[in-house]
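Asker:
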Amino acid sequence: MTPENQAGGLGTSASPAIDLRDPASGGPEDGSSPRGVQTLTMARALNEGLRAALGADDRVLLMGEDIGTLGGVFRVTEGLKAEFGDRRVLDTPLAESGLVGTAIGLAMRGFRPVVEIQFDGFVYPAFDQITSQLAKQTYRHAGSQAFPVVIRIPYGGHIGAVEHHQESPEAYFAHTPGLRVVSPATPHDAYWMIQEAIAGNDPVVFLEPKSRYWPKGEVDLDRAGAGLHESRIVRRGADVTLIGHGAMVATLLDAAELAEQEGTSAEVVDLRSLSPIDYGPILDSVRRTGRAVVVQEAPQRVSVGSEIAATIAERAFYSLQSPVLRVSGYDTPFPPAKLEGVYLPDADRILEAVDRALAY
Amino acid sequence: MTPENQAGGLGTSASPAIDLRDPASGGPEDGSSPRGVQTLTMARALNEGLRAALGADDRVLLMGEDIGTLGGVFRVTEGLKAEFGDRRVLDTPLAESGLVGTAIGLAMRGFRPVVEIQFDGFVYPAFDQITSQLAKQTYRHAGSQAFPVVIRIPYGGHIGAVEHHQESPEAYFAHTPGLRVVSPATPHDAYWMIQEAIAGNDPVVFLEPKSRYWPKGEVDLDRAGAGLHESRIVRRGADVTLIGHGAMVATLLDAAELAEQEGTSAEVVDLRSLSPIDYGPILDSVRRTGRAVVVQEAPQRVSVGSEIAATIAERAFYSLQSPVLRVSGYDTPFPPAKLEGVYLPDADRILEAVDRALAY
Amino acid sequence: MASDPIRLLSPSGELIESEANAAWLPVVAELSEAQLMDFHRQMAVIRRFDVEAGNLQRQGQLALWIPSLGQEAAQVGSGIAARPQDHVFPAYREHAVARIRGVDPMRIIELLRGLDHGGWDPKAHGNFHLYTLVIGSQTLHATGYAMGIAFDGPGGDPERDEAVLVYFGDGATSQGDVSESLVFAASYQTPQVFFLQNNHWAISVPVSTQSRTPLYRRALGFGIPSIQIDGNDVLAAYAVTRTALDEARGGKGPRFVEALTYRMGAHTSSDDPSKYRDEAELEHWIAHDPIVRFEAFLRARGASDAFFAEVHEEAEELAADVRRRTVALVPPPVTKIFDHVYTDPHPDIEEQRAWLLAYEASFGGQA
Amino acid sequence: MASDPIRLLSPSGELIESEANAAWLPVVAELSEAQLMDFHRQMAVIRRFDVEAGNLQRQGQLALWIPSLGQEAAQVGSGIAARPQDHVFPAYREHAVARIRGVDPMRIIELLRGLDHGGWDPKAHGNFHLYTLVIGSQTLHATGYAMGIAFDGPGGDPERDEAVLVYFGDGATSQGDVSESLVFAASYQTPQVFFLQNNHWAISVPVSTQSRTPLYRRALGFGIPSIQIDGNDVLAAYAVTRTALDEARGGKGPRFVEALTYRMGAHTSSDDPSKYRDEAELEHWIAHDPIVRFEAFLRARGASDAFFAEVHEEAEELAADVRRRTVALVPPPVTKIFDHVYTDPHPDIEEQRAWLLAYEASFGGQA
Ligand SMILES: Cc1ncc(C[n+]2csc(CCOP(=O)(O)OP(=O)(O)O)c2C)c(N)n1
Ligand SMILES: Cc1ncc(C[n+]2csc(CCOP(=O)(O)OP(=O)(O)O)c2C)c(N)n1
Ligand SMILES: [Mg+2]
Ligand SMILES: [Mg+2]
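Residue numbers (my numbering), protein chains in the order written: chain A, 10 to 369; chain S, 10 to 369; chain V, 2 to 368; chain Y, 2 to 368.
1. Cβ of I142 (chain Y) less than 7 Å from any chain A Cβ?
2. Have a look at E181 (chain V) and Q175 (chain A) and give me their C-alpha separation to the nearest angstrom.
3. Within a Cβ cutoff of 8 Å, which residues of the same chain sit near V132 (chain S), ignoring the five residues on either side of it in sequence?
4. Just the Cα atoms here: how many angstroms apart are A21 (chain Y) and V29 (chain Y)?
5. Pick out the complete alpha helix (DSSP H) segments inside the region 74 to 135 of chain V, 4 residues or longer, and give them in chain order.
6. Any chance you could list the beta strand (DSSP E) runs of at least 3 consecutive residues sitting entirely within the region 8 to 68 of chain V, in chain order?
7. Mind checking W356 (chain V): buried by the 16 CB within 10 Å criterion, or exposed?
8. For the region 303 to 343 of chain A, which segments carrying the beta strand (DSSP E) assignment without a break, of at least 3 residues, lie completely within its bounds, in sequence order?
9. Quick check: the Cα distance between V69 (chain A) and P342 (chain S), rounded to an integer number of angstroms?
10. Who are the near neighbours of L112 (chain V) in its chain, counting only those whose CB is closer than 6 Å to its CB and skipping five residues on each side?
11. Within the region 46 to 112 of chain S, note down every full beta strand (DSSP E) run reaching 3 residues or more, in order along the chain.
12. At a cut of 8 Å, does the region 296 to 314 of chain A reach the region 254 to 264 of chain A through at least three beta carbon pairs?
13. Check this for me: beta carbons of V190 (chain S) and S284 (chain S), under 7 Å apart or not?
14. Considering I150 (chain Y), what are the terminal residues of the alpha helix (DSSP H) in which it resides?
15. Pull out every residue of the region 341 to 353 of chain A whose Cβ sits closer than 8 Å to any Cβ of chain V, in chain order.
16. If we define contact as Cβ-Cβ less than 7 Å, is E181 (chain Y) a contact residue for chain V?
17. Verify the CB distance criterion: does A151 (chain A) have a CB-CB separation below 7 Å to chain V?
18. With 7 Å as the threshold, decide whether the Cβ of M117 (chain A) is near any Cβ in chain V.
19. Determine, using beta carbons only, whether Y148 (chain S) and V342 (chain Y) come nearer to each other than 7 Å.
20. Beta-carbon separation of L173 (chain V) and T144 (chain V) under 7 Å?
21. Starting from A240 (chain V), follow the alpha helix (DSSP H) in both directions and report where the run begins and ends.
22. Answer yes or no: do V171 (chain S) and L166 (chain V) have a C-beta to C-beta separation smaller than 7 Å?
23. Using a threshold of 7 Å, state whether the C-beta atoms of A116 (chain A) and V158 (chain A) are closer than that.
24. Which of helix, strand or coil does DSSP assign to V190 (chain S)?
25. For a contact defined as C-beta to C-beta under 7 Å, what are the partners of G140 (chain A) on chain S?
26. Can you find a heavy atom of ligand 4 that lies under 6 Å from the Cβ of W202 (chain Y)?
27. Keeping to the same chain, check which residues put their C-beta closer than 8 Å to that of D137 (chain A); ignore five residues upstream and five downstream.
28. Show which residues of chain S have a CB atom less than 7 Å away from the CB atom of H118 (chain V).
29. Leaving out five residues before and five after E34 (chain Y) in sequence, what residues of the same chain have Cβ atoms less than 8 Å from its Cβ?
30. Which stretch, first to last residue, makes up the beta strand (DSSP E) that contains L283 (chain A)?
31. Pull the bridge partners of Y1 (chain V) from the DSSP assignment, please.
32. Give the C-beta separation of L103 (chain S) and L63 (chain S) to the nearest angstrom, bearing in mind that I take them to be a contact with Cβ-Cβ under 8 Å.
33. Using a Cβ-Cβ cut-off of 7 Å, state whether A194 (chain S) counts as contacting chain Y.
34. With 7 Å as the threshold, decide whether the Cβ of G167 (chain V) is near any Cβ in chain S.
Encoded structure:
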């Protein structure tokens with residue numbers, strides 16, 4: 010496995026076979042006339058979700074650098090300024106703390122700002138406003154007002170970009186009380202989760218797996234199927250539970266496919282929400298399989314993966330037949346792009362962990 | 010247990026009975042004439058450690074808000090500006106990002122800046138400069154220069170202060186590759202660890218448990234006894250291993266004392282270093298006791314405690330007779346001061362966890 | 002560009018009817034005698050409150066006290082200048098403004114006793130927002146709020162158009178957030194007045210460390226009209242802030258006011274200013290006491306001993322009332338820890354709340 | 002305060018020997034013919050490099066390219082103005098300055114191919130520091146470095162005294178870090194020149210969103226002398242930066258230069274400027290091409306076709322060499338991930354490195 014042959018693996022799972030809809034269900038959740046299922050990229054699904062949110066509530070505002078005229082560097086907000094005007098879709102000055110700080114003030118005025126941070130690595134200048142201000146405002150105000158601010162962050166690797174453009178900062182936010190943190194893995198979830206995040210009354214850090222912006226997937230425009238903070242078993246299996254979020258879900262499904270060929274039956278859980286974490290499906294699965302591997306792109310120390318491993322080990326203590334193993338980015342800065350294939354967990358590294366787990 | 014009767018418990022363990030010196034040893038480590046053992050507060054021990062570092066290397070600089078003329082709001086830098094001048098001990102403008110950012114530039118010039126952040130809750134404006142700049146500079150420079158910058162942060166609760174003055178931000182830094190994170194629990198360690206942090210060649214986040222600034226303890230001025238990144242068993246026991254750092258170490262020793270009275274023998278590990286974590290003594294202990302409780306003031310989700318619990322559960326899998334339990338601050342913002350006694354782990358809450366562990 | 006700060010009252014309390022003051026004198030002339038007397042009342046009462054709170058802190062009733070001693074004119078003049086519909090974003094020392102906007106001083110007492118982190122509802126308290134302790138961060142909230150006013154549409158009626166008034170200190174000007182708020186305010190031409198109380202110190206650090214040029218100039222570099230005033234002159238603080246707010250409302254963009262004043266007390270009750278500043282400096286400013294100056298002005302206009310006695314009485318009553326209510330405060334219930342971490346229900350919070358309740362119950366009657 | 006930007010060369014390339022330019026003309030007059038010709042050489046060669054790198058990116062050889070097209074005069078004039086002992090802190094577009102200071106352009110190629118994050122040793126490369134991608138953050142590093150120069154003692158000899166030159170863009174001026182660097186620079190009176198390349202755009206956002214007042218004024222508000230120049234005039238860029246650096250060195254404090262220029266290409270190879278800017282605007286600036294202007298100046302002074310042909314040749318050779326060396330680049334060893342995370346040994350890194358090596362070995366010859 011060299012960086013070169015790794016790189017080729019990135020596009021392998023264009024559209025994992027996740028069943029979006031609850032088979033028991035009929036038409037749209039709100040009783041309106043059905044709009045059906047469309048095949049969309051995640052970028053487009055987000056665009057549609059944002060459009061729907063802007064249309065549904067005129068207090069929803071989009072703010073960010075280059076999100077208006079340009080439509081965002083990933084084109085997620087394409088066309089929205091033209092449609093809703095420059096008082097609903099704001100190209101702001103270049104200052105992330107200012108962006109989040111003014112979004113807080115706008116929320117005080119009753120707006121529902123949706124802030125785009127252009128890339129994961131540029132969220133840190135806003136860290137005080139996010140963790141010391143936004144996250145704590147509801148508490149500080151003793152609930153006299155809500156702070157429905159969504160921070161959209163394209164995050165993660167696999168796009169071969171320069172420094173600061175491929176990071177996975179979720180641990181910082183999932184550690185912070187007062188924030189909610191979610192991450193869709195599919196166009197369907199992206200479409201629904203962004204709307205739910207905006208409609209909710211709390212600050213949400215919304216992590217978009219940027220390498221999944223382009224693969225297409227089916228989006229059921231009529232029903233979400235799962236709540237914003239629910240985790241989901243997306244593949245059934247009996248021998249080991251694989252757990253991850255964002256772009257890693259497709260990688261886990263690839264790994265499960267490969268494991269199948271080797272005779273191992275792997276169950277896959279898409280976390281969807283990193284704060285809070287919905288342990289129901291996770292513990293249910295681990296109690297059946299007895300083994301778990303938690304996978305993430307972020308560095309391993311003090312990570313969301315650490316939290317999940319600790320919690321499974323605590324709550325499924327008697328069910329575990331092997332320790333919960335973690336496969337993560339290494340505890341180094343995100344490396345130069347030519348090495349991202351080595352750095353990021355891939356199906357091979359996941360299978361290596363599965364083998365270790367099974368060997369106990 | 011109400012907030013009122015909690016408050017009284019804060020001063021109970023003025024000087025835990027930790028044996029500082031290796032009994033097998035003779036004089037000072039560097040062969041100079043012995044200076045003996047003094048009884049100092051941690052604030053004073055840090056002051057002496059900083060004085061020694063300033064004296065030993067004229068590239069060492071102290072920078073911060075109010076650290077010069079005033080001597081710091083905790084008086085840790087008292088007298089140092091008078092002794093070393095205002096080009097070695099700088100009262101800077103009020104801007105934490107500026108403070109850390111200029112420290113990076115000074116390090117590029119060959120200085121060894123020691124930056125004081127006035128309180129834990131004020132480190133976030135510097136977050137980008139700490140995690141995206143300072144932590145990554147050595148990597149970015151491919152080692153052509155070192156970045157020996159120490160960030161001193163008085164941290165933690167127990168002092169009854171207003172918002173932002175009692176937080177425990179260690180998870181953010183322990184998650185960040187490129188940083189080292191340490192926290193002394195005693196005046197002796199404070200004296201030595203600050204000097205080692207300054208003498209090392211990497212960025213160090215140095216967390217000073219502010220509620221321990223005033224209790225006195227013995228400081229052996231001749232020998233450190235343990236390396237900067239070593240954890241230490243500070244009390245021997247057989248039934249359960251209690252693990253913590255900073256101000257929690259005294260609380261753990263109190264809890265162990267109480268447990269003893271109830272017939273439970275608790276071993277106590279002082280982590281000392283949170284990144285890297287020295288798992289040798291921890292795993293050694295847990296393999297003997299079969300049970301572990303990890304204690305911290307920080308919120309629990311995605312914390313250093315999560316990391317330690319996950320790692321113990323992984324590496325001591327066959328030794329554990331009960332799940333690793335965590336006792337932490339709740340996953341809420343740090344509450345108003347009158348409720349800190351409820352929020353912060355105390356001996357009672359630790360004993361409750363010990364009881365649960367023993368009940369498995 | 003470097004001109005003298007605007008001053009309408011001489012240090013000895015005479016109205017300065019100069020050419021330079023032509024723009025401001027009419028604003029003052031509109032004030033009724035009763036309004037002028039209220040300036041004094043607000044200043045004197047808050048000073049008495051400040052002293053009482055300091056005493057309560059020394060007696061262990063408060064965790065901390067943050068005195069506003071010496072800054073009463075800057076605060077009262079600007080605070081009264083704001084119209085009812087305006088939104089006010091304080092730092093943490095604006096006790097006089099809080100009271101003027103209708104916040105019960107007990108809310109500040111409760112905050113500094115450690116009972117809450119603020120917790121009043123700005124909408125129900127004169128649009129006076131919460132104290133903010135992370136230096137400078139409130140300036141962005143204020144600017145965002147003001148952007149919202151602008152987005153909600155221009156007005157045209159100064160009696161109803163809203164504006165924002167945001168307070169911060171000389172130390173705060175160094176923070177990136179304050180500069181970014183000037184950027185956003187200028188970019189969106191927000192209806193907003195930045196009110197800088199330059200009290201010459203940021204704890205132990207003199208203003209000369211933050212800036213070697215007068216701070217009002219800072220805003221000019223961001224394209225924001227700016228003016229420096231004698232902040233110990235309550236009439237200048239009133240007239241200039243009133244004018245600036247009225248200029249800002251209705252889409253004419255932000256304004257900046259630097260009020261030169263002095264913190265005569267300690268930074269907080271934890272501070273010992275004798276460590277870093279001269280007796281002489283303090284003496285100078287004691288000689289420029291804003292309340293003394295305005296009292297001289299009122300007396301020259303005929304205000305009676307009876308009036309000052311009545312204000313004194315009111316101040317004493319407030320102090321006594323605050324003391325009474327402070328010592329009667331009870332600790333919050335332990336589960337308050339979990340209240341309002343989120344607005345929508347949250348499973349982790351519910352779980353931890355339930356755990357704590359069960360744990361407390363396990364101590365039986367003790368909890 | 003609002004004066005015309007300093008311009009020494011008219012758009013058609015004539016030297017403007019006006020009263021207003023009296024301070025700068027002597028600085029230019031000191032330049033030898035060979036030095037003037039080098040200005041052209043540097044501009045023309047870097048433009049050819051830029052084009053080649055753009056091609057390499059389109060052919061999949063680079064992950065990204067960041068063009069400097071159009072900004073050559075601002076960069077070459079200021080870059081040559083720095084003395085050898087000076088330290089230069091770039092943003093990420095200063096390819097011309099990098100080359101002038103002795104950085105092999107291949108280092109920039111390697112960075113944008115994804116082989117490293119920079120990794121050159123500034124001390125061994127003309128004190129040219131690493132590219133910094135987090136907008137504005139380098140301004141604080143530069144100021145810290147300049148504080149260090151000041152702390153190391155005043156000098157007195159301009160031939161040896163060090164100064165710092167830091168580059169940033171119009172978008173960067175909105176970042177808190179840039180404002181804080183102005184605060185620290187003014188406070189410590191650092192020997193430092195802030196060099197703002199106002200290329201009118203921050204990706205798709207026009208400079209008018211960042212500021213409604215000319216950006217050079219920003220520095221005045223922090224007490225830093227500031228000047229605006231025609232950044233497409235290489236002589237103005239040289240003369241003003243040279244003077245500012247010499248004024249700054251030896252303890253006279255920071256200076257600020259705003260160079261008005263234009264990014265004629267895309268923001269990066271990922272960008273499509275047709276989405277946000279007019280053809281007409283681009284046409285205007287193409288008519289003000291800095292290289293064309295200076296070529297006219299040199300030709301009027303008698304520079305020969307042979308000279309321009311020789312420069313053309315040199316540029317072509319560099320381009321060919323860069324292409325050759327780029328396609329020959331090999332991927333780094335996998336364990337480079339772990340190199341230099343820390344300077345001192347670190348157990349987690351050692352453990353993970355060992356794990357990766359064993360893991361790679363488990364694939365046998367494949368690794
Ligand atoms: C971000 C941040 N850093 C440091 C502090 C600690 N601190 C509290 S007040 C203060 C000085 C503030 O000075 P200034 O802005 O002039 O306001 P003043 O207290 O004089 O009213 C400092 C450094 C803080 N509260 N927030
Ligand atoms: C903190 C941060 N936020 C956002 C970005 C993304 N970004 C890269 S370049 C750029 C525009 C910079 O504009 P300017 O400072 O004018 O420099 P120019 O690119 O025009 O040379 C942006 C927004 C970034 N690199 N860093
Ligand atoms: Mg002040
Ligand atoms: Mg630009």
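We put the CB at the ideal spot given by N, CA and C, even for glycine.
Answerer: Here's the rundown:
1. It should be pointed out that residue 142 (chain Y) corresponds to His in this sequence rather than to Ile. Taking Cβ atoms only, chain A never reaches closer than 7 Å to H142 (chain Y), which makes this a no.
2. For the pair E181 (chain V) and Q175 (chain A), the Cα-to-Cα distance works out to about 26 Å.
3. The beta carbon of V132 (chain S) sits closer than 8 Å to the beta carbons of E105, I126, I139, I160, I162, P178 from its chain, once the five residues preceding and following it are set aside; these are given in chain order.
4. Distance between the alpha carbons of A21 (chain Y) and V29 (chain Y): 14 Å.
5. Secondary structure remark: continuous alpha helix (DSSP H) runs of at least 4 residues inside the region 74 to 135 of chain V, in chain order: 96 to 101, 106 to 114.
6. If we require 3 residues or more, the region 8 to 68 of chain V turns out to have no beta strand (DSSP E) run fully inside it.
7. Exposed.
8. DSSP runs (the beta strand (DSSP E)) wholly in the region 303 to 343 of chain A: 334 to 338.
9. For V69 (chain A) and P342 (chain S), the distance between alpha carbons rounds to 27 Å.
10. Around L112 (chain V), the same chain offers G119 as residues with beta carbons nearer than 6 Å, after the five sequence neighbours per side are excluded.
11. If we require 3 residues or more, the beta strand (DSSP E) runs fully inside the region 46 to 112 of chain S come out as 46 to 50, 69 to 73, 98 to 100.
12. Yes: at least three Cβ pairs fall under 8 Å.
13. Closer than 7 Å, so yes.
14. Residues 138 to 152.
15. Flagged: no residues at all.
16. It does: the Cβ of E181 (chain Y) has a partner Cβ on chain V nearer than 7 Å.
17. It does: the Cβ of A151 (chain A) has a partner Cβ on chain V nearer than 7 Å.
18. Taking a beta-carbon distance threshold of 7 Å, M117 (chain A) counts as an interface residue toward chain V.
19. Annotated as proximal: Y148 (chain S) and V342 (chain Y), with beta-carbon spacing under 7 Å.
20. In the sequence on display, residue 173 (chain V) carries Ala and not Leu. No; because the gap between Cβ atoms is not below 7 Å, this pair is not in contact.
21. A240 (chain V) -> alpha helix (DSSP H) spans 235 to 249.
22. Not in contact: V171 (chain S) and L166 (chain V) (Cβ atoms no closer than 7 Å).
23. In terms of Cβ geometry, A116 (chain A) and V158 (chain A) form a close pair [threshold 7 Å].
24. Note: V190 (chain S) maps to strand in three-state DSSP.
25. Sequence inspection shows Thr at residue 140 (chain A); the Gly mentioned does not correspond to that position. Think of a sphere of 7 Å around the beta carbon of T140 (chain A): the chain S residues whose beta carbon falls inside it are Y133, in chain order.
26. At least one heavy atom of ligand 4 sits closer than 6 Å to the Cβ of W202 (chain Y).
27. Apart from the 5 residues on each side of it in sequence, D137 (chain A) sits with its Cβ closer than 8 Å to the Cβ of S106 in its chain, given in chain order.
28. Within 7 Å of the CB of H118 (chain V), the CB atoms of chain S belong to E172, P345, in sequence order along the chain.
29. The beta carbon of E34 (chain Y) is closer than 8 Å to those of R302 in its chain, skipping five residues each way along the sequence.
30. It spans 282 to 284 - the beta strand (DSSP E) in which L283 (chain A) sits, taken as one unbroken run.
31. Within the shown structure, residues of chain V are numbered from 2 to 368, placing residue 1 (chain V) beyond reach of any answer.
32. Not a contact, Cβ separation roughly 23 Å.
33. Taking Cβ atoms only, chain Y never reaches closer than 7 Å to A194 (chain S), which makes this a no.
34. Contrary to the premise, residue 167 (chain V) reads as Val rather than Gly in this sequence. Not one chain S Cβ lies under 7 Å of V167 (chain V).
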